[in-house]
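Note sheet for the following structure.
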Amino acid sequence: MIAKNNGSGRSLHDGTLKDRVIRYVMDRKCVSGGFCFYKLEEPNGSDTWHALSILDLLKVTFEDAATVAYLKGMQRSDGSFDSIYAAYFAIKSLALLGETPSLDPRPYAMGNLDHYRFDVERLPAEVISMFRRTSYLVELYGVLGMDTDGPLRDNMVDFILGFQNEDGGFGHLFSTLLDTARALAMLKSLGRPIGELGTERFIRLCEVPFYGFTDIPRTTLSFLEYVHAGVLASYLVARRPTYRDPCEAYILNCRTRNGGFSRTMQGGIATLENTWHAVHALTMLSSWME
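Listed below in structure tokens is the structure:
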């Protein structure tokens with residue numbers, strides 16, 4: 005681990021920090037194209053999208069024909085993908101590179117859009133956010149410009165709103181910050197005004213002085229994804245976090261010696277996904293710099 009940081013308000017304006025993050029990302033580029041966080045020639049869509057998104061957030065120009073070829077190769081000859089997740093990562097990554105899939109992905113995406121619904125009683129116990137698949141489908145729906153004013157959009161909005169609880173948050177049985185942030189992002193993407201939902205009340209309940217945010221009110225456990233969710237939810241409703249500097253300090257203290265970010269301040273392995281959580285949250289926090 006590195007020395008503890010108390011949140012200076014500089015974060016990504018610090019050239020050394022930015023350079024170390026860029027080096028961490030580029031060290032994980034595969035010769036054959038794409039990225040792999042554990043530095044083997046085993047690229048995958050998730051690591052590739054997170055890596056490219058980090059570089060985009062840091063305003064780094066990245067051009068690589070091998071990566072474009074790898075991403076286009078994720079699409080099958082009939083225009084389909086191995087999964088909706090593979091489609092999401094390939095389409096979003098190619099967009100960051102100014103490219104599109106070789107074949108029109110809309111028929112495949114449209115064929116999967118009805119799967120935005122799920123049965124909460126059948127979700128695996130290890131699922132961190134029940135909205136994960138739904139959020140990917142909603143974002144693809146927006147990116148590909150499908151049925152933007154049709155009944156499908158209204159049905160998706162109603163489905164998401166069905167999980168809002170009396171405390172203003174979203175979740176099954178009880179609200180969580182992770183599900184609330186995803187719900188707000190989806191509703192905004194679908195064009196549903198979110199300022200009138202009263203979600204600020206729940207966000208305030210999840211704020212804690214030392215870490216910035218926790219996932220469930222009246223608890224203190226925090227991980228990097230909880231802080232990211234709290235910052236994202238706050239950003240979406242245009243509300244400055246009460247503990248902005250502790251949020252930044254927590255994120256910066258998740259840095260590891262290789263320049264990436266792990267899930268906690270207590271150590272652990274840095275990943276491209278966690279590094280994206282950190283960079284994305286720091287980018288949003290910079291809008292509230294005093």
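Add 4 to the 1-based position in the sequence shown for this note's numbering, that's all there is to it. Quick reminder that beta carbons are idealized off the backbone N, C-alpha and C, glycines included. The structure presented is a predicted model; accordingly, all values stated were derived computationally and were not measured.
| Query | Result |
| --- | --- |
| My output table needs one value for residue 271: the three-state DSSP class, helix, strand or coil. | strand |
| Going by DSSP in three states, residue 5 sits in which element: helix, strand or coil? | For residue 5, the predicted structure reports a pLDDT of 38, less than 50, and the residue's modelled location is therefore unreliable. The matter cannot be settled from this model. |
| Among the residues of its own chain, which have a CB less than 7 Å from the CB of residue 224, if the five just before and after it don't count? | 212, 218 |
| Quick one: what does DSSP say residue 212 is sitting in, helix, strand or coil? | strand |
| Between which residues of its own chain and residue 53 is the CB-CB distance below 6 Å, once the five residues before and five after are set aside? | 93, 96, 97 |
| For the alpha helix (DSSP H) containing residue 155, list its first residue and its last residue. | 155-165 |
| Which whole-angstrom value is the C-beta distance of residue 19 and residue 74, which I expect to be below 8 Å? | Not a contact, Cβ separation roughly 31 Å. |
| Taking 7 Å as the threshold (C-beta atoms), are residue 190 and residue 133 in contact? | no |
| Would you mind sorting residue 109 into buried or exposed? The rule is 16 or more other CB atoms within 10 Å of its CB. | buried |
| Could you tell me the distance, in whole angstroms, from the CA atom of residue 199 to the CA atom of residue 111? | 33 Å |
| So what's residue 279 in DSSP terms, helix, strand or just coil? | helix |
| Which same chain residues end up closer than 6 Å to residue 246 when comparing Cβ atoms and leaving out the 5 residues on each side of it in sequence? | 211 |
| To which residues does DSSP link residue 168 through a beta bridge? | 174 |
| Rounded to a whole number of angstroms, what is the C-alpha to C-alpha distance between residue 3 and residue 280? | Residue 3 is absent from the structure shown; the chain starts at 5 and stops at 294. |
| For the putative contact between residue 207 and residue 238, defined by C-beta atoms under 8 Å, what is the C-beta separation to the nearest angstrom? | 6 Å |
| Quick one: any contact between the stretch 258-270 and the stretch 19-31, if contact means 3 or more CB pairs under 8 Å? | yes |
| If you reduce the DSSP assignment to three classes, tell me which class residue 180 lands in. | strand |
| When DSSP labels each residue in this structure, what does residue 118 get in the three-state scheme? | helix |
| Per DSSP, what kind of secondary structure is residue 259 in: helix, strand or coil? | strand |
| For residue 69 and residue 236, I'd like the C-alpha separation in whole angstroms. | 33 Å |
| Counting C-beta neighbours from all protein chains within 10 Å, is the total for residue 318 16 or more, i.e. buried, or is it exposed? | Residue 318 lies beyond the stretch modelled for the chain, which goes from 5 to 294, so this question has no answer here. |
| Do residue 120 and residue 144 have their C-beta atoms closer together than 7 Å? | no |
| Is the CB-CB distance between residue 187 and residue 164 below 7 Å? | yes |
| For my contact list, residue 29 and residue 45 are in at a C-beta cut-off of 8 Å; report their separation, rounded to the angstrom. | That pair is no contact at about 17 Å. |
| Starting from residue 46, follow the alpha helix (DSSP H) in both directions and report where the run begins and ends. | Residue 46 -> no alpha helix (DSSP H), and no H or E assigned at all. |
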